[in-house]
Structures are given as C-alpha cells and as structure tokens.
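With numbering that gives the first Met the number 0 applied, the sequence shown corresponds to residues 0 to 453, in that order. Note that the Cβ used here is the ideal one computed from N, Cα and C, for glycine as well. This report concerns only the one structure given below.
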Amino acid sequence: MNTLEEAKALIVELQKEVDTLKKQLEKQTKELERLRDENKNFKAILEERVSAPRVSFKRTINRDSDEKKRPGRPEGHEGASRPMPEKIDEIKDVKLEQNLCPECGHRAKQFGFRKRIIEDVIPARVNVTEIHVHQYYCRHCDKIVEAPVTDAFPNCRLGLNTYLLITFLKKNGRLTCNRITETLKTIYNLDISEGEITMMLERVALEFKDEYINLIKELQASPYSYTDETGWNVDGKNYYLWGFISKGLAIYHIDKTRSQKVAKRFLGEDYRGVVISDFYCGYTGLSGPKQKCLVHLFRELKETAEKKIMKTDFRKFKKELEDIIHEAIDFAGEEDDTVERARMKYLFEERIQKIIERKWEDQDACRLVKRLKSHKDTLFTFLIYPNIKYHNNDAERGLRSNVVIRKISYGNKSEIGAQSHSIIMSVMETCNLRDQNFLDWSHEYLEEKLGKLA
0 MNTLEEAKAL IVELQKEVDT LKKQLEKQTK ELERLRDENK NFKAILEERV
50 SAPRVSFKRT INRDSDEKKR PGRPEGHEGA SRPMPEKIDE IKDVKLEQNL
100 CPECGHRAKQ FGFRKRIIED VIPARVNVTE IHVHQYYCRH CDKIVEAPVT
150 DAFPNCRLGL NTYLLITFLK KNGRLTCNRI TETLKTIYNL DISEGEITMM
200 LERVALEFKD EYINLIKELQ ASPYSYTDET GWNVDGKNYY LWGFISKGLA
250 IYHIDKTRSQ KVAKRFLGED YRGVVISDFY CGYTGLSGPK QKCLVHLFRE
300 LKETAEKKIM KTDFRKFKKE LEDIIHEAID FAGEEDDTVE RARMKYLFEE
350 RIQKIIERKW EDQDACRLVK RLKSHKDTLF TFLIYPNIKY HNNDAERGLR
400 SNVVIRKISY GNKSEIGAQS HSIIMSVMET CNLRDQNFLD WSHEYLEEKL
450 GKLA
C-alpha cells in the first residue's frame with residue numbers, strides 16, 4: 000500500500016516536472032523564433048546599408064549662416080557615373096611581356112582577362128587633300144564644264160571644317176581672334192592670322208545671308224515675338240543690338256538707332272503676332288496685340304519702394320497693384336476656357352482703371368500711374384493668348400550670349416563685322432533652339448549650297 004502511494008506521488012512529481020519542462024520548452028521556442036526574426040531584420044538592415052550610397056559624416060553647412068555653401072551635389076545624394084558608350088571603335092590587348100610576373104619575374108600562366116573601357120580623343124592634325132577636278136567639254140554649251148567642289152569655298156585653300164570650327168570658337172566658345180590663333184597653333188599646328196580669321200567670319204556670314212533672310216520671313220509669320228534690345232559698340236560708337244525670339248527662332252540685328260523703324264523692318268508693318276516687350280515706347284506703335292513684361296513692373300515697384308525713407312502712400316499703391324497682377328497670373332495658370340479668360344482680362348483692367356483714377360500723393364506712384372494709363376490694355380494680353388508668357392525673359396535670355404561676347408570683345412570694329420555677327424549668331428542660336436548641332440547643320444547647308452554652283 001505504501002509502495003503504491005509512493006509510486007503515485009512520484010508520478011505526480013514527475014508530471015509536474017514534465018509540465019515545467021514543457022513550459023520552459025515553449026518559452027525557449029518563442030525565444031528562438033524571436034531571435035530568428037531579429038536575425039532576419041539585422042540581415043535586411045545590413046544589406047540595405049551595404050547597397051545604399053555612402054553618406055559623408057562631415058559637418059553640414061547651415062544655409063542661414065554666412066559660411067559659403069560647398070559646390071556640387073548635397074551630401075548623401077546618390078552618386079552618378081558616366082554612361083557607357085554604345086559603340087566600341089577599337090579593341091586593344093594588354094599582355095605581360097613573355098608572360099613574366101612583374102612582381103617576382105617568374106613565368107605566369109594566363110587564365111582570362113578583364114575589360115576596361117577608355118574614352119579618349121584622337122590627336123588632331125591638319126588633313127591636306129589634293130583634289131583632281133576633272134574637266135569636260137560640252138558640245139551643246141560649247142564650253143568646258145566640271146563638277147563642283149563642296150569641300151571648300153571657291154578660291155579658298157582652307158576647308159569648310161576649318162571655317163566652321165573658327166566660327167564656333169568665336170561665337171559659341173567666345174574666344175578672341177588672338178586666342179583662336181593660339182588654339183589652332185597648339186592643337187593643329189595651323190598658322191592663321193587674326194586678320195584672316197576676321198575675313199573667314201565675314202565669308203561664313205555672307206554664305207548664311209540667304210538663310211538669315213528666310214529666318215526673318217519666318218519671324219514675320221510667327222504668332223509671337225519676344226523682343227528686346229541692348230547697347231553695342233561698333234568702332235567706338237554706340238549702337239544697339241536687337242533681339243527677336245520666337246518658337247525655334249532667334250533673330251539678331253545691330254543698328255545705329257533704337258527707333259521703332261527697326262522693329263517694324265524686322266517684324267513687318269502689318270505684323271499680327273503678339274509682341275512681348277518691356278515698357279520702352281518704341282514698341283507702342285507696332286501693329287497687332289502687345290504684352291508688356293510684368294516682371295519689369297515688379298522689379299521697378301520693388302526698387303522704388305526700397306528707396307522710400309519717409310512713409311508715403313506708395314507702399315499701398317505697390318501692394319494693390321501687385322495683388323491684381325498676381326491674381327491674374329494665378330488665374331491664367333488654372334483656367335483653360337478662352338471666354339472666361341477674356342472676361343477676366345476685362346475685369347482686371349477695370350481694377351487697374353480704379354487705381355489710375357485714384358489720387359496719389361507720392362510722385363513715383365503718379366509716375367507709374369501714367370505708365371499704367373498708357374499700357375493698361377497691354378498688361379493682361381497673356382490671358383487671351385495662352386501660348387505667350389507675362390514676362391519678357393525669353394528675349395533677355397536670348398541676348399545673354401551676345402552680352403557675354405560684348406564683355407570679351409567690346410563689340411565690333413566695323414559695320415561689316417557687326418552685320419556678320421548678327422547673321423552668324425542668328426543662325427547659331429536658331430540651331431540651339433531647334434536642338435540642332437550647329438557644326439553638322441551648317442556643314443550640310445554649305446555643302447548643298449556649294450553643290451548648286453555648277
């Protein structure tokens with residue numbers, strides 16, 4: 000009896016131990032699962048950090064401080080590398096001489112190779128070509144005939160590529176004639192004087208003159224023209240460089256005068272497109288609709304307000320005028336209905352009229368009121384024509400390359416040089432606006448033109 004009771008008590012104790020072990024096993028199993036999940040997370044984090052771009056731990060610059068911002072991409076930005084070329088022009092093998100190890104001098108056994116891509120320019124040299132122009136006798140015409148030479152201008156020893164390269168270096172590279180001479184001598188060992196460079200530029204401009212006339216005709220048929228002008232120097236005298244920019248089109252012209260006659264000559268007496276310009280009075284008499292640059296107006300309001308020391312009603316004038324214009328600009332970006340845009344143009348002009356009719360004490364406010372009165376109908380033209388902008392920045396950007404050239408070369412030494420500059424820059428900037436390579440396009444154009452001389 001005692002033995003049976005002891006056995007039962009032992010079984011109960013063993014059962015308790017089994018239950019305890021089960022609980023410990025469940026706890027350890029849960030802990031193992033937790034550790035596995037944690038291990039997976041650690042692996043994912045490790046892979047993410049290995050594959051992510053390296054982050055620099057240098058001290059970042061506070062933009063609000065006076066310390067200058069470092070150039071280049073911001074720290075932590077994903078890196079970028081040069082794209083691989085699509086075409087391989089040459090394959091070159093680099094091998095060990097006699098298969099000898101460069102470290103110890105013993106013979107090494109080749110087991111493979113690795114690829115390395117190198118992009119480089121071919122050393123430049125002058126290519127001299129002797130052309131045999133075959134001559135024929137035509138009985139019908141009773142004269143000797145021959146095929147045209149399209150590699151160079153008539154009676155010129157230097158080829159088209161040289162002419163166009165000099166043109167590109169002068170206008171797009173903005174180099175002086177002296178620098179071009181040094182560049183050609185250093186790279187090509189080609190001696191060309193500064194005077195010869197000037198004559199070559201004039202010859203290129205002469206060949207482009209027909210294209211220049213065609214561009215002017217395109218301008219006169221264009222739906223709009225961003226127009227501006229800036230000072231220019233010709234032989235020490237003050238001239239003006241005019242710029243007319245339209246869609247895929249750039250026309251430049253250097254003239255003695257800044258009068259309205261120049262704009263009418265290039266746009267045409269009956270031009271019906273929209274002329275976007277600043278508030279210069281020379282554009283007022285042009286036919287067709289006009290849009291005045293509102294950015295110029297904003298700029299003048301800001302600069303005038305900054306000069307005000309005493310408290311006047313100019314700030315109130317400035318705020319009311321800016322609110323109307325900003326509201327019109329915001330409305331133009333949201334509304335597509337042409338009828339509604341025309342109606343809002345009328346309402347905005349009515350609000351401008353109320354500002355005009357009000358009496359202002361500040362002299363600058365009175366001065367700008369006169370301008371608003373003269374140009375009230377040309378402030379919101381962009382609401383009727385959705386394809387034009389409310390500012391004249393396109394024309395200013397179009398003149399920028401010329402302004403850089405003016406700073407370097409101080410203009411032109413003669414009127415012929417000024418005319419050549421106008422023609423070449425018009426053709427070159429038009430190519431840029433049309434995403435055309437100037438050298439490729441002009442070479443093809445001149446080859447075709449020379450081919451028609453026969």
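How many whole angstroms separate the CB atoms of residue i and residue j, which I take to be in contact at a CB cut-off of 8 Å?
i: Tyr-251; j: Trp-241; result: 7 Å
i: Glu-228; j: Arg-257; result: 6 Å
i: Gly-281; j: Gln-219; result: About 18 Å separates the two Cβ atoms, so there is no contact after all.
i: Ile-116; j: Pro-84; result: 7 Å
Tell me, please, whether the CB atom of residue i is closer than 8 Å to any CB atom in chain C?
i: Gln-134; result: Protein chain content of the structure displayed is limited to a single chain, and chain C is not contained in it.
For residue i, which three-state DSSP category applies?
i: Asp-254; result: strand
i: Thr-19; result: helix
i: Ala-107; result: coil
i: Ile-87; result: coil
i: Arg-165; result: The question names Arg, but residue 165 is Ile in the sequence shown. Three-state DSSP puts Ile-165 in a helix.
i: Lys-412; result: coil
i: Val-144; result: strand
i: Gln-27; result: helix
i: Gln-352; result: helix
i: Gln-435; result: coil
i: Cys-100; result: coil
i: Arg-342; result: helix
i: Tyr-187; result: helix
i: Tyr-136; result: strand
i: Arg-48; result: Residue placement at Arg-48 is flagged as unreliable, the pLDDT there being 42, under the threshold of 50; a coordinate-derived value is accordingly withheld.
i: Asp-361; result: coil
i: Asp-376; result: helix
i: Tyr-444; result: helix
i: Lys-317; result: helix
i: Asp-36; result: helix
i: Val-120; result: coil
With distances taken from CA atoms, which of the options is nearest residue i?
i: Arg-298; options: Gly-450, Leu-367 and Arg-69; result: Leu-367
i: Asp-254; options: Gly-247, Lys-246 and Phe-265; result: Phe-265
i: Glu-349; options: Glu-206, Lys-372 and Gln-27; result: Lys-372
i: Arg-405; options: Tyr-238, Asp-141, Val-273 and Glu-129; result: Tyr-238
i: Pro-385; options: Thr-197, Thr-337 and Gln-352; result: Thr-337
i: Ala-151; options: Val-144, Thr-2 and Tyr-162; result: Tyr-162
i: Tyr-135; options: Glu-145, Asn-126, Val-127 and His-76; result: Glu-145
i: Tyr-444; options: Asp-376, Gly-194 and Asn-160; result: Asn-160
i: Leu-200; options: Lys-451, Gln-435 and Ala-417; result: Ala-417
i: Glu-195; options: Asn-213, Leu-398, Leu-438 and Cys-155; result: Cys-155
i: Thr-490; options: Ser-245, Phe-278, Glu-395 and Glu-206; result: As displayed, the chain neither begins before 0 nor continues past 453, which places residue 490 out of reach and without an answer.
i: Gly-230; options: Glu-356, Glu-395 and His-133; result: Glu-395
i: Lys-91; options: Phe-112, Gly-158, Leu-13 and Tyr-211; result: Phe-112
i: Val-403; options: Lys-315, Glu-25 and Arg-173; result: Arg-173
i: Ile-415; options: Ser-408, Leu-205 and His-139; result: Leu-205
i: Gly-284; options: Glu-333, Leu-24 and Lys-263; result: Lys-263
i: Gly-397; options: Cys-430, Cys-365 and Lys-375; result: Cys-430
i: Ile-87; options: Glu-118, Gly-71, Gly-75 and Arg-81; result: Glu-118
i: Glu-326; options: Glu-305, Leu-293 and Leu-168; result: Leu-293
i: Ala-123; options: Asp-393, Gly-71 and Leu-189; result: Leu-189
i: Pro-222; options: Lys-310, Gly-247, Arg-271 and Gly-104; result: Arg-271
i: Ser-419; options: Leu-20, Tyr-211 and Ser-80; result: Tyr-211
i: Asn-436; options: Leu-164, Asp-393 and Phe-330; result: Leu-164
Cβ atoms of residue j and residue i: under 8 Å apart, would you say?
i: Leu-95; j: Ala-249; result: no
i: Ser-286; j: Asn-391; result: no
i: Gly-410; j: Asn-171; result: no
i: Pro-288; j: Thr-380; result: yes
i: Val-273; j: Gln-290; result: yes
i: Leu-382; j: Met-343; result: yes
i: Glu-166; j: Val-203; result: Note that residue 166 is Thr in the sequence shown here, rather than Glu. For Thr-166 and Val-203, yes; Cβs fall inside 8 Å.
i: Tyr-187; j: Val-261; result: no
i: Lys-317; j: Leu-296; result: no
i: Asp-361; j: Asp-312; result: yes
i: Ser-441; j: Asp-234; result: no
i: Ile-323; j: Ile-355; result: no
i: Thr-149; j: Glu-428; result: no
i: Phe-243; j: Ile-422; result: no
i: Thr-180; j: Glu-193; result: yes
i: Ile-328; j: Tyr-389; result: yes
i: Gly-450; j: Pro-147; result: yes
Say yes only if the C-beta of residue i is nearer than 7 Å to one or more non-hydrogen atoms of the ligand ADP, and no if none qualify.
i: Asp-269; result: As presented, the structure is devoid of all ligands, the ligand ADP included, so that no description of it is given.
Ranges of the beta strand (DSSP E) found wholly within the region 200 to 274, counting only runs of at least 3:
Listed in chain order, the complete beta strand (DSSP E) runs (minimum 3 residues) inside the region 200 to 274 are 223 to 233, 236 to 245 and 248 to 254.
Which residue spans inside the region 268 to 311 form an unbroken alpha helix (DSSP H) run of at least 4?
Correct list: 293 to 305.
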